[in-house]
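Throughout the sequence shown, residue numbering follows the numbering used here, covering 9 to 462 in sequence.
Working notes for the structure below.
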Amino acid sequence: MSTTDDTYSVPAGSSPAKQLSLKEKWWHILDTWKIGIIPLPLFVMAGVLIAIDCLDGKLPSDIVVMVATLAFFGFACGEFGKRLPFIGKMGAAAICATFIPSALVYYGLLPDVVVESTTKFYKSTNILYLYICCIIVGSIMSMDRKVLIQGFMRIFFPMLCGEVVGMLTGMGVGLALGMEPFQIFFFLILPIMAGGVGEGAIPLSIGYAALLHMDQGVALGRILPIVMLGGLTAIVISGSLNQLGKRYPHLTGEGQLMPTSKNATADSSKLSSTGGKVDVTTIAAGALLAVLLYMVGMLLHKLIGLPAPVGMLFAAVALKLAHGVSPRLLEGSQVVYKFFQTSVTYPILFAVGVAITPWNELVAAFTLSNLLVIVSTVAALVATGFFVGKKIGMHPIDVAIVSCCQSGQGGTGDVAILTAGNRMQLMPFAQIATRIGGAINVSVSLLVLGNFLV
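Shown next, in the form of structure tokens:
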């Protein structure tokens, strides 16, 4: 960063000879020098206050202190990743925001009070689900209805093709390396496509414990690192696809799966342009709408067993298609979406890294054979989504980024993958890929395994 002196640029329209006053220099620093979204002086202030609390041996886990703590560490890690040469443009910010804190925890470089407070806050508040519901509802409400319907109808075919090709490719690479077919499929390929930790790795470990007569902890210890490596691979590929889209704009819809008509584009632009003029009460109503729809998803989970985020997604789509939300409230939902996308992503990823990302298990899975099978599986899955999506008239890069989410770490993986690909608008489709696709893979595979062992 540059240092403050009397050579600061003056506001547009002012005389070049005019010198800025001390007050204006201070405002210039606040407005232009930032770590993530945090003005540098406030960032330094947050660090000092957190350090004072840590020296006292107590860091409260209430929401006030945690907002400052997660923002400080999350944006610091994200900013570090963005500034890395070459890989900074390939999703390194999301990777660093997730895995640097995990490594700091493992090596004891993060104060214990920060670890304890962050873990307690993350697990007691379910803040990830607040984030996901605001992102999903906001992105759905900002979509054109016709594009929304076409996107949901067409996305399943590239996903299915990608899974088949990915599985076959992974099996082929594993067999070429001399690995056992059972080990390749059930302990490498299936965990990658299981839908994350809560909906994938844990049900798989329970199924393996019952069917293979092994301890669930042992099964989970073998599955979890593969899930994490698959997610890490998907993050890197997603970041690379984003750069590919910048180089070849005709291959991407910049967050849109389907080519849009001129009318739809105009309507979307009109909605975006008015978002900043929405009053506070409308924004608050948009946030409440997201929360209430998530509660609908929770109710559907109790009644029919559908994962709450997926139930919420279907409820939001139905509300959108039925014109159940006024244009003003749609704008409020979009502002809420933009706020969470801009301000909450890196703090959430930091909390995920501290609370539920075991660094030692990730490192233990870093064997050459495992990496080759995992990378080839994910790459084949994503490449298939790319070419099939292009063939059926969808934007191939955006379809491929959704395909990346098929091998992510559940909801947290979707956040990291879409952040790396700069496609947070695709969260509804990512949830379909992760939750529904993962549930189908786990259920069918355990059913086949059970019949095979009989």
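Virtual Cβ for every residue (Gly too), placed ideally from N, Cα, C.
Quick one: using the 10 Å Cβ neighbour count with 16 as the cut-off for buried, is Ser411 buried or exposed? With 16 or more other Cβ atoms within 10 Å, it is buried.
What did DSSP end up calling Ile43 once you bin it into helix, strand or coil? strand
Measure the CB-CB distance between Thr232 and Ala209 and report whether it falls below 8 Å. According to the sequence displayed, residue 232 carries Leu and not Thr. Yes. Within cutoff.
If contacts are defined as beta-carbon pairs under 8 Å, then Ser125 and Ser213 qualify, I think. What distance do you get, rounded to the angstrom? In fact, because the Cβ distance is near 29 Å, the residues do not count as touching under 8 Å.
Residues near Val244 by beta carbon distance below 7 Å, same chain, minus five either side: Same-chain partners within the cutoff: Met98 and Gly99.
So is His403 buried or exposed if we call it buried at 16+ other beta carbons inside 10 Å? buried
My assumption, with CB atoms under 8 Å, is that Thr57 sits in contact with Pro49. Please give the rounded CB distance. For the sequence presented, residue 57 should be read as Leu rather than Thr. So it is not a contact: roughly 13 Å between Cβ atoms.
In chain order, which continuous runs of the alpha helix (DSSP H) of length 4 or greater are located wholly inside the segment 153-229? 153-162, 164-184, 189-192 and 210-220
By DSSP, does His403 sit in helix, in strand, or in coil? coil
Would Gly203 and Val450 be called neighbours here (beta carbons separated by less than 8 Å)? yes
Between which two residues does the alpha helix (DSSP H) containing Glu262 stretch? Unbroken run through Glu262: none, as it is neither H nor E.
Can you tell which of Leu220, Thr260 and Phe322 has the C-alpha that lies nearest to the C-alpha of His309? Phe322
Could you tell me which of Pro93, Val407 and His331 sits nearest to Arg153, measuring between CA atoms? His331
Use the C-beta contact count for Asp422: other C-beta atoms within 10 angstroms, 16 or more gives buried, fewer gives exposed. Counting the other Cβ atoms within 10 Å of the Cβ of Asp422 gives 16 or more, which makes it buried.
Quick check on this structure: which residue in Val407, Val456 and Leu434 has the alpha carbon closest to the alpha carbon of Gly170? Val407
The segment 191-203 / the segment 426-434 touching (three or more Cβ pairs under 8 Å): Verdict: no, contact absent.
Within its chain, find whatever has a CB closer than 8 Å to the CB of Thr350; leave out the 5 residues flanking it on each side and keep chain order. Residues of the same chain with a CB within less than 8 Å of the CB of Thr350, apart from the 5 flanking positions on each side, are Ile45 in chain order.
So Ala59 and Gly86 are in contact, right, with Cβ under 8 Å, and what is the actual spacing, rounded? No, Ala59 and Gly86 are not in contact; Cβ-Cβ is about 20 Å, not under 8 Å.
So, are the CB atoms of Ala242 and Val386 less than 8 Å apart? yes
When DSSP labels each residue in this structure, what does Ser147 get in the three-state scheme? In the three-state DSSP reduction, Ser147 falls in the helix class (H, G or I).
Enumerate in chain order the residues of its own chain whose CB-to-CB distance from Val344 is below 7 Å, with the five nearest sequence positions on each side excluded. Hits under 7 Å: Cys142, Gly146, Ile291, Gly294, Ala295 and Ala298.
Are the beta-carbon atoms belonging to Thr427 and Thr353 less than 8 Å from one another? yes
Which residues in the same chain as Pro355 place their Cβ atom closer than 6 Å to its Cβ, once the five residues preceding and following it in sequence are excluded? Hits under 6 Å: Leu78, Ala79 and Gly82.
Tell me whether Gln27 sits in a helix, a strand or coil according to DSSP, three-state version. coil
Spatial neighbours of Thr392 in its chain, beta-carbon cut-off 6 Å, leaving aside the 5 residues before and after: In the same chain as Thr392, and ignoring 5 residues on each side of it, the C-beta atoms closer than 6 Å to its own belong to Cys169, Gly170 and Val173, in chain order.
How is the alpha helix (DSSP H) around Leu461 delimited, first residue to last? Here the alpha helix (DSSP H) through Leu461 covers Gly445 to Leu461.
Just checking Ala242 against the ligand ATP - is the residue's beta carbon closer than 7 Å to any of the ligand's heavy atoms? Ligands displayed in this structure: none; no statement on the ligand ATP is therefore possible.
Report the residue from Met236, Val286, Ser248 and Lys66 whose alpha carbon sits nearest the alpha carbon of Gln417. Met236
C-beta atoms of Leu301 and Ile405 nearer than 8 Å: For Leu301 and Ile405, no; Cβs fall outside 8 Å.
What is the DSSP secondary structure of Val333, reduced to helix, strand or coil? coil
Under the three-state reduction of DSSP, which class applies to Arg255: helix, strand or coil? helix
Under three-state DSSP, which class holds Val352? Coil at Val352, not helix or strand.
Reduced DSSP category for Gln417 - H, G, I as helix; E, B as strand; rest coil: coil
Buried or exposed: Lys270, going by 16 or more other Cβ atoms within 10 Å of its Cβ? Residue placement at Lys270 cannot be trusted, given a pLDDT of 49 that sits under 50; what the coordinates show is reported in the next sentence. Residue environment analysis places Lys270 among the exposed positions, since fewer than 16 neighbouring C-beta atoms fall within 10 angstroms of its C-beta.
Quick check on Phe347: does DSSP put it in helix, strand or coil? helix
What's the call for Asp473, buried or exposed, on a 16-neighbour Cβ count within 10 Å? Summary: the structure shown does not reach residue 473, with the chain confined to residues 9 through 462, and so no result is reported for it.
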